[in-house]
Amino acid sequence: MCISQQIKQPTYTLLKSYELPVVVAAGEYERACRSLTLHQLDPAKFSPGASKGGHKDALIAMYDQRMQLGRPGRPVYEEARNRKGKCPICDVGRVRQVDHHLPKSVYPFLAAVPINLLPICGDCNREKLDKAPTCYAEQALHPYFDDMESDRWLRAELITINAAGEPYEIKPSEIAEDWRIEFRVDPPSSWDEQQEERVKHHFSQTYKLNEMYEDQAADDIPGLELALEEVFEVGGAQGVRAHLEGIARTRAHRNKNSWMVALYEALAEHSWFCSGGFRQIAAG
């Protein structure tokens, strides 16, 4: 599609000569995605030789130029972008862009391969760097091939801070000097060490989802005060706990590893928060 029209003959001839290598590369890429061996792919086999000046740029331009609005490859771009409404990486931002799972600068044969094109939000796209995975843990999760919803692996914790700036276990009657929410990967015991390290790398290093979720939580919690105050007047701390647990269960029907599921469960487990600490957090 990308070279089907609106193209000069020399460029067409050049790109046509790479049709078979691109198809072969796409097959090897898909097999590596399914076998979790992307880190074993040799970038040299996914790019023209160094002696072929300009060929790499021409292949990358199939995405950069020939998938622009009004160009012949645009339907492929639109199909990739419209696969999801919410970003499949963070489940927070709206999909606005398309990103390459393996970077086109390193793997130019994959620049226009549809299964290497992911719908993504602007924040996640900015965090991900054009870096090839060099080990198992560095393989970012792929929305088309990795099923990460079968197991519960995302947890959160409300941490209260004392006057010395240290985390401590606050009593329900005390006033916290400060507080924060921390998100972490906490997989089931059935996971092996490699799987755990891979998800942790994806979560905290490739996309920095822990930081994104902490910002989301800091914005979300103060807005709970009115609803929690009404629940507290009727059912006290236990009523607040049950209310938060109910929200978490509802959210988990769609995505058990949603940041909101982890957040509301963490709040429900925290005695100080349920006993009135929510007022202090709302007050800033």
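The sequence shown begins at 9 in the working numbering and counts up one residue at a time.
Cβ atoms here follow ideal geometry from the backbone N, Cα and C, with glycine treated the same way.
Beta-carbon proximity list for residue i, same chain, < 8 Å, skipping 5 on both sides
{"i": "Met156", "result": "Leu149, Val207, Asn265"}
{"i": "Ala33", "result": "Lys53, Phe54, Tyr115, Phe117, Leu118, Val121"}
{"i": "Glu27", "result": "none"}
{"i": "Arg102", "result": "Gly93, Lys94, Cys95, Cys129"}
{"i": "Ala88", "result": "Val106, Pro122, Leu125, Leu126, Pro127"}
The beta strand (DSSP E) enclosing residue i, as first and last residue numbers
{"i": "Phe191", "result": "186-193"}
{"i": "Val114", "result": "Looking at the DSSP string, Val114 is not in any beta strand (DSSP E), and its letter there is neither H nor E."}
{"i": "Leu125", "result": "125-128"}
{"i": "Ile167", "result": "162-169"}
Whole-Å CB distance - residue i paired with residue j, under 8 Å assumed
{"i": "Cys129", "j": "Met70", "result": "Cys129 to Met70, Cβ: 24 Å. No contact."}
{"i": "Leu236", "j": "Phe286", "result": "5 Å"}
{"i": "His209", "j": "Ala145", "result": "5 Å"}
{"i": "Leu44", "j": "Gln147", "result": "6 Å"}
{"i": "Glu174", "j": "Glu222", "result": "The Cβ separation is near 19 Å, so there is no contact."}
Sequence-distant residues of the same chain with beta carbon closer than 7 Å to residue i, five excluded per side
{"i": "Met220", "result": "Cys98, Val100, Asp131"}
{"i": "Pro51", "result": "Val114, Tyr115, Ala140"}
{"i": "Glu38", "result": "Ile123"}
{"i": "Cys143", "result": "His47"}
Cross-strand partners of residue i (DSSP beta bridge)
{"i": "Lys94", "result": "Arg102"}
{"i": "Pro175", "result": "Ile169"}
{"i": "Asp155", "result": "Note: Asp155 sits in no beta bridge, so no partner."}
{"i": "Asp294", "result": "Only positions 9 to 292 of the chain appear in the structure, and residue 294 is not among them; the question remains open."}
Range of the contiguous alpha helix (DSSP H) that encloses residue i
{"i": "Thr21", "result": "17-24"}
{"i": "Met70", "result": "63-72"}
{"i": "His251", "result": "233-260"}
{"i": "Cys41", "result": "27-43"}
{"i": "Ala291", "result": "286-291"}
{"i": "Tyr215", "result": "Premise fails: Tyr215 is in no alpha helix (DSSP H) and is neither H nor E."}
{"i": "Leu275", "result": "267-277"}
{"i": "His47", "result": "Element bounds for His47: n/a, residue is neither H nor E."}
{"i": "Lys208", "result": "201-209"}
{"i": "Val121", "result": "Note, Val121: premise wrong, no alpha helix (DSSP H); not H, not E."}
{"i": "Arg89", "result": "82-89"}
Cβ neighbours of residue i in the same chain (closer than 6 Å, five flanking residues each side left out)
{"i": "Gln13", "result": "Pro80"}
{"i": "Leu22", "result": "Ala66"}
{"i": "Leu162", "result": "Asn265, Ala270"}
{"i": "Glu176", "result": "In the sequence as presented, Glu is not what sits at residue 176; that position holds Tyr. So the qualifying residues of the chain are Asn170."}
{"i": "Asp194", "result": "Arg163"}
{"i": "Asp295", "result": "Residue 295 lies beyond the range of the chain shown here (9 to 292); nothing can be said about it."}
{"i": "Cys282", "result": "Ala245, Val248, Arg249"}
Check whether the segment 53-65 touches the segment 99-118, counting contact only when three or more Cβ pairs, one atom from each stretch, lie closer than 8 Å. Output reads yes: the segment 99-118 touches the segment 53-65.
The segment 159-173 contacting the segment 182-199, beta-carbon criterion three pairs below 8 Å: yes
Is it true that the segment 238-249 meets the segment 188-199, where meeting means three or more beta-carbon pairs spaced less than 8 Å apart? no
Meets three-Cβ-pair contact criterion under 8 Å: the segment 134-142 and the segment 254-271: no
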